[in-house]
Amino acid sequence: MTCFYCVVKIFVMSPYIVLLTLALYLLLLFALSRFSSRRADNAGFFIGNRRTSWYMATLAMIGAAMSGVTYISVPGSVASDDFSYMQMVVGFTIGQFIVAFLLVPLFYRLRIVSLYEYLDSRFGVTTHRWGAWCFLLAKIIGSSLKLYVVCVVMQMLVFDHLNIHFMWNLLLTMSVVYLYTYRGGVSSLILTDSLQSLCLVGSVVVVIWFICREIGLSFNDTFEVVSNSQYSKMWFFDDPSSKYYFWKMVSGGALCLVAMTGLDQDMMQRNLSCRTKRDSQINIVLTALCQIVVIALFLALGVLLYEYIDLKSLPMPVRGDDAFALVAVNGGLPLVIGVVFVVGLISSTYSAAGSALISLTTSFTIDILDAQRRYEESALKRLRKRIHFVMALVMTLMIILFEYFADQSAINLVFKLAGYTYGPILGMFVYGMISKRKIKENLLCWVVLISPLMSYLLQLFVAKNYGYYIGFELLGYNALFCIFGLQLISKPNEETV
24 MTCFYCVVKI FVMSPYIVLL TLALYLLLLF ALSRFSSRRA DNAGFFIGNR
74 RTSWYMATLA MIGAAMSGVT YISVPGSVAS DDFSYMQMVV GFTIGQFIVA
124 FLLVPLFYRL RIVSLYEYLD SRFGVTTHRW GAWCFLLAKI IGSSLKLYVV
174 CVVMQMLVFD HLNIHFMWNL LLTMSVVYLY TYRGGVSSLI LTDSLQSLCL
224 VGSVVVVIWF ICREIGLSFN DTFEVVSNSQ YSKMWFFDDP SSKYYFWKMV
274 SGGALCLVAM TGLDQDMMQR NLSCRTKRDS QINIVLTALC QIVVIALFLA
324 LGVLLYEYID LKSLPMPVRG DDAFALVAVN GGLPLVIGVV FVVGLISSTY
374 SAAGSALISL TTSFTIDILD AQRRYEESAL KRLRKRIHFV MALVMTLMII
424 LFEYFADQSA INLVFKLAGY TYGPILGMFV YGMISKRKIK ENLLCWVVLI
474 SPLMSYLLQL FVAKNYGYYI GFELLGYNAL FCIFGLQLIS KPNEETV
């Protein structure tokens, strides 16, 4: 191993090596996709025919939960946010248990393909479609932002050196995502996501090992450096007005998890592909435990990245999102680190983007067009393929917008946008479960539109007049406004009178 380490250190990371790494990874990805999508039908595309074992679903969910944004932004965020993100992870864990033991039994009992079919059975077709539209907007924005961040990094590593415009980078990335999800949908996603999860976690472990070796740290030394770092403060109980306040981040994390996983067609398609309710619950609980370990690794990596930057007198990155790429590719580390970084980056990218594209196709086909009940199998397959292409095009256009307007840490921007777009979805589901009343669906559009606006105005008001910063818990206020609005437009349920 020592000889290998010395040999690979003399190589310099080049854009051609990145392209070669990308090509080899994609070759393996397409081989797995083709193998798993054999004889795939519509049910296989939408929910994997509910044949997935819990351990495969758990492995796939690790890659799905850890997108390219997580891979790049979480390590880089420690310079500005310390380890405060672990408070969100506490909330994520609470949210996972809510999803596992409250939502999963409901969805399996109703045997739904799209989550928003629940809104149809509870309130009516108008609510069903408004819920789906809210999801489509939220997922298009969120997934496009995540993919944009990775395209920016690949532009820096490869395409700028080759004088290739960002647009060609984007078109290549979206074409790959479209092609490998074209046939199999969830059937192929489970297997390819499992590969991507292994690559993602493995890459972080390898990078940590090489950095520690480079700066001469043993395991005990590494633990001491991370725990004593100026960036390692994890719990913030002292200032309730701060965006890092413990209870704000825990509650925000729980709400984000329930909304962005439990009520998100993208994330739940894997859970609903399990054979039984119990398998799905086991998968979710194990995913929650794995998530704690993986996020802790990402944060520890962040500390080591900045320690390495200081030790080697490298230029401090302007954005935290650039720190990982700077050290891995241009930090003087062995070639293998750059290759491992690229593998982890592209694996997280294609996992998140592929699943988002499939979920958008599923929701639009089933929720908006009601195609599953209106078309026979062959016609539904043709329609689904057309929608799949259109959704890939919509994501491409959204990324172009981000190229001009995105200017802050991506991980924060994702959750900020989620607070506005997922709030009405969470409100509709919660109201449906806690109340037996029906609603006047002709007025629902006003509730869905006004709730995010009221949340935004509340955020401005308390910040200006009380110096109180509403952070990730904004999602909860948004949902409360929606619940209050639904109560105002509600009426007694004649079936229960």
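If you count the sequence shown from 1, you need to add 23 to reach our numbering. Using N, Cα and C, we set each Cβ at its ideal position, and we do this for glycine too. Quantities reported herein were computed from a predicted structural model and do not represent experimental measurements.
Contact check between the segment 305-319 and the segment 145-162: fewer than three CB pairs, one atom from each, fall below 8 Å, which does not count as touching. When DSSP assignments are scanned along the segment 100-162, the uninterrupted stretches of alpha helix (DSSP H) that are 4 or more residues long and fall wholly within it turn out to be 108-121, 127-133 and 140-145. The Cβ atoms of L498 and L278 sit closer than 9 Å to each other. Non-local beta-carbon contacts of F115 in its own chain, meaning distances under 8 Å to residues more than five positions away in sequence, involve G276, A277, C279, L280, A311 and Q314 in chain order. Counting the other Cβ atoms within 10 Å of the Cβ of G239 gives fewer than 16, which makes it exposed.
Residue pairing by DSSP leaves S265 without any beta bridge partner.
With a threshold of 16 other beta carbon atoms within 10 Å, N306 meets it and is buried. Under the three-state reduction of DSSP, I493 is assigned to coil, being neither helix nor strand.
In this structure, I391 lies away from A161, with their beta-carbon atoms at least 9 Å apart. Residue pairing by DSSP leaves I512 without any beta bridge partner. Linking T196 to L420 through their CA atoms gives a straight-line distance of about 13 Å.
Scanning G165, N501, L337 and V136 for the CA closest to the CA of Y454 turns up N501. Counted as a single uninterrupted DSSP element, the alpha helix (DSSP H) harbouring L349 occupies residues A346 to N353.
The alpha-carbon of A102 is positioned some 46 Å away from that of R132.
Counting along the chain, Y201 sits inside the alpha helix (DSSP H) bounded by residues F189 to T204. In terms of CA proximity to V200, T372 leads the group I448, Q510, T384 and T372. Around L334, the same chain offers I238 as residues with beta carbons nearer than 8 Å, after the five sequence neighbours per side are excluded. The beta carbons of S378 and S137 sit no closer together than 9 Å.
I462 has S513 as its beta-bridge partners, per DSSP.
Less than 9 Å divides the Cβ of I135 from the Cβ of L295. In the structure shown, F259 adopts coil according to DSSP, grouped into three states. Annotated three-state conformation of E400 is helix, per DSSP. Taking a C-beta distance under 9 Å as the contact criterion, Q292 and I360 do not qualify as a contact pair. Per DSSP, F387 lies in no alpha helix (DSSP H) segment and is marked neither H nor E.
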